[in-house]
Amino acid sequence: MSSMISNISEDVLMEILCKLPVKFIIQCKCVCKPWRTLVTTTRFVKFHLSQANKKSPNLLLASSFHKNFYSLDCETCDECVRLNLDMPPLNRISIVGSCNGLVCLSDDKSYVLLWNPSTREHVIVHYDHLGSSDYRGDRINNNERSTAVMGFGYDSFTEDYKLVKIEYFYDVYGFGTMTEFDRCEVRVSTLGTNSWRLIDDTPSPPCYIGNLFRVAHVNGVLYWVGLRGIGIELSKSIISFDLRTEKFGEVSWPEFEDHSYRDLGLGVLRGSLCVFSYHLEHVDIWVKMDYGLEESWSWTRQFFIARSTKYLEPLVLLKNGEILLQMGYRSLLVYNPRNETVTVPNVRGIPDRFRTSTYVESLTSVASLMGMAGNCVVATISKGEKNEVAGNI
Numbered sequence: 001m002s003s004m005i006s007n008i009s010e011d012v013l014m015e016i017l018c019k020l021p022v023k024f025i026i027q028c029k030c031v032c033k034p035w036r037t038l039v040t041t042t043r044f045v046k047f048h049l050s051q052a053n054k055k056s057p058n059l060l061l062a063s064s065f066h067k068n069f070y071s072l073d074c075e076t077c078d079e080c081v082r083l084n085l086d087m088p089p090l091n092r093i094s095i096v097g098s099c100n101g102l103v104c105l106s107d108d109k110s111y112v113l114l115w116n117p118s119t120r121e122h123v124i125v126h127y128d129h130l131g132s133s134d135y136r137g138d139r140i141n142n143n144e145r146s147t148a149v150m151g152f153g154y155d156s157f158t159e160d161y162k163l164v165k166i167e168y169f170y171d172v173y174g175f176g177t178m179t180e181f182d183r184c185e186v187r188v189s190t191l192g193t194n195s196w197r198l199i200d201d202t203p204s205p206p207c208y209i210g211n212l213f214r215v216a217h218v219n220g221v222l223y224w225v226g227l228r229g230i231g232i233e234l235s236k237s238i239i240s241f242d243l244r245t246e247k248f249g250e251v252s253w254p255e256f257e258d259h260s261y262r263d264l265g266l267g268v269l270r271g272s273l274c275v276f277s278y279h280l281e282h283v284d285i286w287v288k289m290d291y292g293l294e295e296s297w298s299w300t301r302q303f304f305i306a307r308s309t310k311y312l313e314p315l316v317l318l319k320n321g322e323i324l325l326q327m328g329y330r331s332l333l334v335y336n337p338r339n340e341t342v343t344v345p346n347v348r349g350i351p352d353r354f355r356t357s358t359y360v361e362s363l364t365s366v367a368s369l370m371g372m373a374g375n376c377v378v379a380t381i382s383k384g385e386k387n388e389v390a391g392n393i
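Just so we're aligned: the sequence shown equals residues 1 to 393 in UniProt numbering.
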C-alpha cells in the first residue's frame, strides 16, 4: 500500500486530494509524512482554493438570538449543521463579509474575529471601539459620537487580506440625520501588519455608508450602497473601494426600465456584482457583466421574480440555474427561472431568525495570515485547544 502511494506523482495526488472536503484533507495529514507536508504547502492551499471557487459556496447562517452559527450546503439545502465557535461575551454580532473561505465577524465595539469555518481555526483581534488607541483618544471629545461600517476583502495583486473601516463622527447635541455627519475617516488594516492606517481618500461627494445594506466583494473591490441627502432628497449610490489602490469610486446603477422600485440592494452571484431592485409586485436582479476592461462592463437584467415582498435577497446562483434567496430574517426560498416558481426548501435545523453570508471551503490559515502578531487569541476548536498570543492592533 505504501509503495502504491509513493508511486503517485505529486500533481496527480494534488488533483485527487483537492476533490475531498476539507475535513478529510485534514485527516490525510495522518496518513504519512509526505501527505502531511503536501497538504500544508502554499501551492496545495492555493490550488485547493482555486478548485473550491469553482463550486457553489456554502451558506453561513448566524442565529440572531443565540449567537450560534450554522453551515448549509446550498446545492442540497437539506440540513443546517451547527458550527462550534468560541466567542467572547457580546451583545451584538455582525457578519462583515467573507473571502476565500475566511469569514470576518465584528461586535462593532471591541473586536474583530477572523474565522475559517472549514478548519475551525479563528483569531480574535481586540481593539478599542473599532479603532486603536493611537488615534481615538486625541480625536474624539465628550461632544462627539461616532458610528462605523467595515469591509473585508482580498487584493490578489499583493496577496493581502485587508480590513476597511469607514467611521462617521457626529455632534452629540446635533439633531441631524445619519447623512448629516461632521466628518468621515477611513482606515485600512492589512492582516499581519498589526496596525490601522489612516488613508487620505473618502467617498466624494460625501455620503453615508451604513450597516443597513450588505457589502459586496468582487475581484478585490468592495461595494456598498451609499446615502446622500435627507428626506425626499435622499438618494442612493454604489460606492466602490479598490483594495489595491485604496481609492474610492462610484459605479452607475443599471438603466432601470421601471423606476417604481421601493428599494435597492447589492449582492454577488457567481463572482459577479449584482443589483436587486424591489418593486411593489416583483423583484428584478441585474448582473454586472465583465467584458474585459471595467469601462466596458454593462448591466444585464437576468432575473424577474414575481414576488410581492421588499425583503427578498438573492444569495447563490445554483448549478441548475435556480437561485437561493433569503426572505427577511426567517426564510430561505428557491426560485426556478424556467417555470418562474418559488419553493420553500425543507431545511432541517434552520434557526428561527438569522442573517447569512456565503463562504467556500478553504485551507487558508488565519493564524499564518496574522503572523501570530497582535493581541490575538488563536483557537483550534476541533481539539478544544487554545493558544494565546499577546499584542495589540
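Heads up, the beta-carbon is just placed ideally off N, CA and C, and yes, glycines get one too.
Here Met-150 is buried: its Cβ has 16 or more other Cβ atoms, across all protein chains shown, within 10 Å.
In the structure shown, Met-289 adopts extended strand secondary structure according to DSSP, grouped into three states. For the pair Ala-148 and Asp-11, the Cα-to-Cα distance works out to about 46 Å. Nearest C-alpha to Phe-169 among Trp-196, Pro-57, Tyr-359, Cys-207: Cys-207. Between the segment 362-372 and the segment 95-107, the count of Cβ pairs shorter than 8 Å is three or higher; the stretches touch. Put simply, the backbone Cα of Phe-24 is about 17 Å away from that of Ser-71.
If you draw a 10 Å sphere on the C-beta of Gly-267, you find 16 or more other C-beta atoms in it, and that means buried.
Inside the segment 326-366, DSSP marks whole beta strand (DSSP E) runs of 3 or more residues at positions 331-336, 341-343, 354-359, from first to last along the chain. Fewer than three pairs of CB atoms, one per stretch, sit closer than 8 Å, so the segment 302-319 makes no contact with the segment 243-261.
Per DSSP, reduced to three states, the secondary structure at Lys-29 is coil, with no helix or strand assignment. Pro-21 counts as exposed, since fewer than 16 other beta carbons sit within 10 angstroms of its beta carbon.
Going by DSSP, Phe-304 is part of the beta strand (DSSP E) stretching over 298-305. The C-alpha of Glu-361 lies about 14 Å from the C-alpha of Glu-75. Beta-bridge annotation (DSSP): Lys-247 is paired with Asp-242. The beta carbons of Asp-73 and Arg-348 sit about 12 Å from each other, so the pair does not count as a contact at 8 Å. In this structure, the CA atom of Tyr-335 is about 13 Å from the CA atom of His-282.
Per DSSP, the unbroken beta strand (DSSP E) holding His-217 starts and ends at 216-218. For the set Arg-82, Lys-288, Arg-355, the Cα lying nearest the Cα of Arg-214 is the one of Arg-355. Boundaries of the beta strand (DSSP E) around Val-275: 272-278.
The three-state secondary structure of Ile-209, taken from DSSP, is coil. Within a 10 Å sphere around the beta-carbon of Ile-16 sit fewer than 16 other beta-carbons, which makes this residue exposed. For Arg-82, the uninterrupted beta strand (DSSP E) segment begins and ends at 80-83. For the pair Thr-158 and Asp-182, the Cα-to-Cα distance works out to about 34 Å. Put simply, the backbone Cα of Thr-202 is about 32 Å away from that of Pro-57. Classified as exposed, Asn-143 has fewer than 16 neighbouring CB atoms from the shown chains inside 10 Å of its CB. In the DSSP assignment, Val-45 falls outside any beta strand (DSSP E) and within the unbroken alpha helix (DSSP H) covering 42-52. Ranked by Cα distance from Ser-357, the first of Leu-325, Arg-36, Thr-245, Arg-338 is Leu-325. The continuous stretches of beta strand (DSSP E) do not include Pro-203, and DSSP gives it neither H nor E. Membership of Tyr-161 in the beta strand (DSSP E) is indicated by the continuous run 160-171. Going by DSSP, His-126 is part of the beta strand (DSSP E) stretching over 121-126. Here Ser-237 is not near Val-221, since their CB atoms are 8 Å or more apart. In the same chain as Leu-317, and ignoring 5 residues on each side of it, the C-beta atoms closer than 7 Å to its own belong to Leu-269, Arg-270, Ile-323, in chain order.
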